[in-house]
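Asks: Let me begin by handing over the structure; questions about it come next.
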Amino acid sequence: MAAASAGQLGSLGSLGRQQAAARASPTPRTGWHICGRRGGCGAGGRRRCGALMEPLAVPEEEMPLTAAPGPTGCQLFGYVGIEAVLDQMKIKTMKTGFEFNIMVVGQSGLGKSTMVNTLFKSKVSRKASQPSQEERIPKTVQLQSITHVIEEKGVKMKLTVTDTPGFGDQINNENCWDPIIKYINEQYERYLREEILITRKRKIPDTRVHGCVYFVPPTGHWLRPLDLEFMRRLSKIVNVVPVIAKADTLTLEERAEFKQRIQEDLKTHAISVYPQEDFDQDPDDRVRNDRIREKIPFAVVGADQEHQVNGKRVLGRKTKWGIIEVENPAHCEFPLLRDLLIRSHLQDLKDITHNVHYESYRVRRLNESNGPALTAASPPELPLDPCGSARPLPTLVAVPGPCLG
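Plus 823 on top of the position in the sequence shown (first one is 1) and you've got the working numbering.
This is the structure we're talking about:
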C-alpha cells in the first residue's frame, strides 16, 4: 500500500472528529466520509454523498488527540508519550531527593518543637535532637538549625528546621527580629555567591528558608504590636504562615472570634501572609487558595505521643475529659497546616521562595555597585580552596545562565 500523503493524514484527523460527533448525535448525519459500501459510493473517491456516515473501528490509542490551545494550534494524530516525563521526574527526584527548609518563630512555651515533631512524625526538632542540654531563656535571639534526612516510600527529603529561642521572651523586644532577617538574607547571599561563579556546581546546595511558621499566643484578643511588626517585616522576604498555638486552651467561640480579629489585623496593616493573593495566576489555584486564606491562621494543637482511641493508635493530648486528636479536623486545624506545608503546597513554597523572594534579593544585590559591594557585604563563612585559604568572591561577570542570562 502506498504511503499516505500529509493531506490524507490531516483528513484522517478531521475525519475522527466528525465521526465522534456522528456517534454522539441522535440522528444520522451525512458528509465527508470513507464510504463503507463495496465499490465505493460511485462518486469517484472521497466525496460528499448521501450515504450514512459509518464510524471506523479505530483503536483508542490511535484515536486523534487534540493538543492544548496554542499559538500553532497543532494537532496530534497519535500517541507521542509526552506524559512519560512525569515518571522521569518522579524517578529522578526519588533518587536524588530534595531539600526543604522550615523556620519556626514564637515565644517559649508555645509548643514549637512539639509541632515540628508532629508535622514530620519524627524527632526532628531542636529539643528532641539535644535532650541533654538544659533549656534556658537566652538573653538574645539565637538561631539554631538541625538537619535530618527523612525517607518515605523511597522519597528522600533533606529537612532543615531552624528554631529561634529567645524571640519575644525579653522585657525589651525591640528589634528582636533583626537576627532572623539577617539569617534569612545570609542564606540568600550564600546561594547567590554560588550562582554567580563562572564554574558553578551542578546542583547548588539550597539552605534558603522556604517557609516560616509564626506561632501566635492564644490570648483571644488582638495581635500584639510585636506580632504585627514581625510579620510585616518578614512577609517581604519569606513565606510566613501564622498559626494559633495551643488552640485547645480556647473555646470554639473564642477561637472563631480570635481568628476573625487576626484576619482583620492582617488586612488593616496590609500584611500578606502565605499563600499570597498576588501570586495566584491559575484560576484553579486561586479558588483553592481562597479557601485556605479563609482558614488562616490555623488553630493547631501539637502532640508527639500516641494514644488508643476506638481501637486505633492516634496522635493526641490526653486530658481529664478526653483525648484531643491532633489529626482530627473536628478537634483542631492541624491537618490543614500539614497539608499546606507538605502535601499540597510544598513545591509552591519553594517556587515562591526562588522566583519571588530570592529574585528580589538577587536583583537588589546585583544592582549595588554591580559586584564589588557583593564581596564586601558577604557572610564571613567563605569556601576554602585546596590550599586552605578563604576564596574571595570574584567580581561579577555577565555569564549566560538561567538567572543572569
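Ideal Cβ positions, reconstructed from N, Cα and C, are used throughout, including at glycine.
Please report the Cβ distance between residue 939 and residue 947, rounded to the nearest whole angstrom; I am assuming they are in contact, meaning their Cβ atoms lie under 8 Å.
Replies: Mapped onto the sequence shown, residue 939 falls at position 116. Mapped onto the sequence shown, residue 947 falls at position 124. With a Cβ gap of about 6 Å, residue 939 and residue 947 count as contacting.
Asks: In chain order, what residues of the same chain lie with their CB nearer than 7 Å to the CB of residue 922, ignoring the 5 residues before and after it?
Replies: As a position in the sequence shown, residue 922 is number 99, starting the count at 1. These residues qualify, in order along the chain: 981, 1029.
Asks: According to DSSP, simplified to helix, strand and coil, what is residue 940?
Replies: On the sequence shown, residue 940 is found 117 positions in, with the first residue counted as 1. Residue state, collapsed to three classes: helix.
Asks: Report yes if the CB atom of residue 1063 is closer than 9 Å to the CB atom of residue 1039, and no otherwise.
Replies: Here the question's residue 1063 lines up with position 240 in the sequence shown. Here the question's residue 1039 lines up with position 216 in the sequence shown. Taking 9 Å as the Cβ cut-off, residue 1063 and residue 1039 do not qualify as a contacting pair.
Asks: Kindly confirm or deny that the stretch 1160 to 1174 and the stretch 1063 to 1083 touch, where touching means at least three C-beta pairs closer than 8 Å.
Replies: Yes: the two stretches touch, three or more of their Cβ pairs being nearer than 8 Å.
Asks: Between the stretch 1174 to 1187 and the stretch 1139 to 1148, can you find at least three pairs of beta-carbon atoms closer than 8 Å?
Replies: Taking 8 Å as the limit for Cβ pairs, the verdict is that the stretch 1174 to 1187 does not touch the stretch 1139 to 1148.
Asks: Measuring straight from C-alpha to C-alpha, what distance separates residue 898 and residue 1111?
Replies: Here the question's residue 898 lines up with position 75 in the sequence shown. Here the question's residue 1111 lines up with position 288 in the sequence shown. Rounded to whole angstroms, residue 898 to residue 1111 spans 31 Å at the Cα level.
Asks: By the 10 Å Cβ neighbour count, where 16 or more other Cβ atoms means buried, how is residue 926 classified, buried or exposed?
Replies: Counting from one through the sequence shown, the residue named residue 926 turns up at place 103. Residue 926 comes out buried.
Asks: What is the C-beta distance between residue 1015 and residue 1185, in whole angstroms, given that I count them as a contact (C-beta under 8 Å)?
Replies: Looking up residue 1015 in the sequence shown gives position 192. Looking up residue 1185 in the sequence shown gives position 362. The pair is a contact, with the Cβ atoms about 6 Å apart (cut-off 8 Å).
Asks: In terms of alpha-carbon separation, which member of 1035, 1079, 989, 1022 lies closest to residue 1007?
Replies: Here residue 1007 refers to the residue found at position 184 when the sequence shown is read from its first residue. The residue with the shortest Cα to Cα distance from residue 1007 is 1035.
Asks: Taking three-plus beta-carbon pairs below 8 Å as touching, is the stretch 1076 to 1083 in contact with the stretch 1043 to 1059?
Replies: Judged by Cβ distances under 8 Å, the stretch 1076 to 1083 makes contact with the stretch 1043 to 1059, as three or more pairs qualify.
Asks: Quick one: is residue 995 buried, meaning 16 or more other Cβ sit within 10 Å of its Cβ, or exposed?
Replies: Residue mapping note: residue 995 aligns to position 172 of the sequence shown, counting from 1. With fewer than 16 other Cβ atoms within 10 Å, it is exposed.
Asks: State the Cα-Cα distance for the pair residue 966 and residue 1121, rounded to the nearest angstrom.
Replies: Along the sequence shown, read from residue 1 onward, the residue named residue 966 stands at position 143. Along the sequence shown, read from residue 1 onward, the residue named residue 1121 stands at position 298. If I take the Cα positions, the gap works out to 24 Å.
Asks: Whole angstroms is fine: what's the gap from residue 999's alpha carbon to residue 1069's?
Replies: As a first step, residue 999 is located in the sequence shown; it is residue number 176 there, counting from the start. As a first step, residue 1069 is located in the sequence shown; it is residue number 246 there, counting from the start. Between residue 999 and residue 1069, the C-alpha separation is close to 23 Å.
Asks: Please state whether DSSP places residue 1056 in a helix, a strand or coil.
Replies: As a working note, residue 1056 is residue 233 in the sequence shown. Here residue 1056 sits in helix by DSSP.
Asks: On the DSSP letters alone, give me the boundaries of the beta strand (DSSP E) that residue 900 sits inside.
Replies: Within the sequence shown, the letter at position 77 stands for residue 900. That residue, residue 900, is in no beta strand (DSSP E); it is neither H nor E in DSSP.
Asks: Within 10 Å of its beta-carbon, does residue 988 have 16 or more other beta-carbons around it, so buried, or fewer, so exposed?
Replies: As a position in the sequence shown, residue 988 is number 165, starting the count at 1. It counts as buried.
Asks: With DSSP as the reference, please indicate the residues paired to residue 1122 in a beta bridge.
Replies: Stepping through the sequence shown from its first residue, residue 1122 is reached at position 299. Its beta-bridge partners are 1067.
Asks: Enumerated in chain order, which unbroken segments of the beta strand (DSSP E) with a length of 3 residues or greater are wholly contained in the stretch 1069 to 1145?
Replies: Runs found: 1129 to 1132, 1135 to 1142.
Asks: Would a C-beta distance cut-off of 9 Å place residue 936 and residue 992 closer than the cut-off?
Replies: On the sequence shown, residue 936 is found 113 positions in, with the first residue counted as 1. On the sequence shown, residue 992 is found 169 positions in, with the first residue counted as 1. Not in contact: residue 936 and residue 992 (Cβ atoms no closer than 9 Å).
Asks: Classify residue 1054: buried if its beta carbon has 16 or more other beta carbons within 10 angstroms, exposed otherwise.
Replies: If you number the sequence shown from 1, residue 1054 lands on position 231. It is buried - the Cβ of residue 1054 has at least 16 other Cβ atoms within 10 Å.
Asks: Which first and last residues belong to the alpha helix (DSSP H) in which residue 987 is found?
Replies: Taking the sequence shown and counting its residues from 1, one reaches residue 987 at position 164. Here residue 987 belongs to no alpha helix (DSSP H), and DSSP marks it neither H nor E.
Asks: Opposite residue 973 in the DSSP bridges: which residues?
Replies: Working through the sequence shown from its first residue, we reach residue 973 at position 150. Partner(s): 980.
Asks: Suppose you measure from the CA of residue 1047 to the CA of residue 916; what does that come to, to the nearest Å?
Replies: Position 224 of the sequence shown, counting from 1, holds the residue named residue 1047. Position 93 of the sequence shown, counting from 1, holds the residue named residue 916. Distance between the alpha carbons of residue 1047 and residue 916 is about 42 Å.
Asks: Do residue 1100 and residue 1116 come within 9 Å of each other at the CB atom, strictly closer than that value?
Replies: Start at 1 with the first residue of the sequence shown, and residue 1116 comes out as number 293. Start at 1 with the first residue of the sequence shown, and residue 1100 comes out as number 277. Yes, they are a contact pair.
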